[in-house]
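Numbered according to this note's numbering, the sequence shown spans residues 10 to 275.
Note that beta-carbon positions come from the ideal geometry of N, C-alpha and C, so glycine has one too.
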Amino acid sequence: MAKRKRDLPDQNGLLPQVRTLPIFTASLILVQKKFYRQRAHANPFSDHSLDYPASPGAIDWSQHYPGHEGKAPEFADVGCGFGGLLIALAPQFPDTLMLGLEIRVQVSQYVHDRIQALRVTNGQDPTAYKNVSIVRANAMKFLPNYFAKHSLSSLFFLFPDPHFKSRKHKARIISPTLLAEYAYVLRPGGIVYTITDVKDLHEWMKAHLTAFPLFEPVDEETLRSEGRGNIVDAVYHSTEEGKKVENNKGDKWLACFRRIEVPRAR
Ligand SMILES: C[S@@+](CC[C@H](N)C(=O)[O-])C[C@H]1O[C@@H](n2cnc3c(N)ncnc32)[C@H](O)[C@@H]1O
């Protein structure tokens, strides 16, 4: 049966059930994925209506992270989807600011509302979830507009869209050009975490990162011995895509790389 007009999302993608409720009630009761319907994939080349900051210095991070004035994000989750990684890590690193970048409108709205709801429901701790935020952004185009040189210590690419067909490979989030941007925003010693259930994409990401002179592979055991075990666990298990893969008993391939410093030739 055709949907009646009043059951359809408005221009912001919000369904009437959400629109008509007071904002707090909406975020507390209705932060449910079913009210934030969205196509499964976004086209990173058709985002013409996206706003983006002129430079990292133009961003007032205090609007995102109340109580953390003067600080900027250190963890970035690129294509954060429904925000599982950020929500898992935020309480474990209360002094570290983390930002999700997500291109899809309703999905980024969902993560925004989810964070607001967590701040309210954990109101007994005034710092809870105030170190985590989200922007709707095309990370393939505008990452350096958000992050200053060497400002990040962790960069996450978790279960990125595989873009299977060869002619679509240019839409993959790991490519030689983009790696130069990732090396720019990541500080020496910082870590790139990638994970996927698509073997071909794993090989692709590993090959490109290995070939790039500013990254070196770092294995899981080393990361755990350096005290990053809780991050690795969250990478494996906390995201919505990762949970789907687990439910389907699929494989997961992890590949991590350290940003290295290469002395300039004189
Ligand atoms: C397969 S989902 C994985 C989501 C999440 N990382 C997880 O593991 O559950 C890939 C996500 O990346 C987002 N995405 C794709 N291209 C993007 C881009 N250029 N900038 C920001 N987000 C992007 C998609 O909208 C989608 O939500």
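Check                                                                                                               : Outcome
Cα-Cα separation between His-178 and Gly-259, rounded to whole angstroms                                            : 23 Å
Terminal residues of the alpha helix (DSSP H) in which Trp-213 lies                                                 : 208-220
Reference Thr-219, options Val-141, Leu-232, Thr-203, closest by Cα                                                 : Thr-203
Cβ-heavy atom distance, Gly-68 to ligand 1, below 7 Å                                                               : Looking at the sequence shown, residue 68 is not Gly but Ile. No, the beta carbon of Ile-68 sits no closer than 7 Å to any heavy atom of ligand 1.
Residue nearest to Ala-81 in terms of C-alpha spacing, selected from Val-87, Phe-91, Ile-68                         : Ile-68
Nonlocal neighbours in the same chain, by C-beta distance under 6 Å from Ser-36, ignoring five residues either side : For Ser-36, the predicted model reports a pLDDT of 47, less than 50, meaning its position is unreliable and no value from the coordinates is stated.
Rounded C-alpha distance that separates Met-107 from Asp-86                                                         : 8 Å
Cβ-based neighbour list, Arg-128, same chain, cut-off 7 Å, excluding 5 preceding and 5 following                    : Ala-137, Tyr-138, Lys-139
Contact set for Thr-248: own chain, Cβ-Cβ below 7 Å, skip 5 residues either direction                               : Gly-90, Gly-93, Leu-94, Leu-167, Phe-168
Buried/exposed call for Phe-33, threshold 16 Cβ in 10 Å                                                             : Its pLDDT being 48, under 50, Phe-33 is placed unreliably by the model, and the measurement read from it follows with that caveat. The residue is exposed, with fewer than 16 neighbouring Cβ atoms inside 10 Å.
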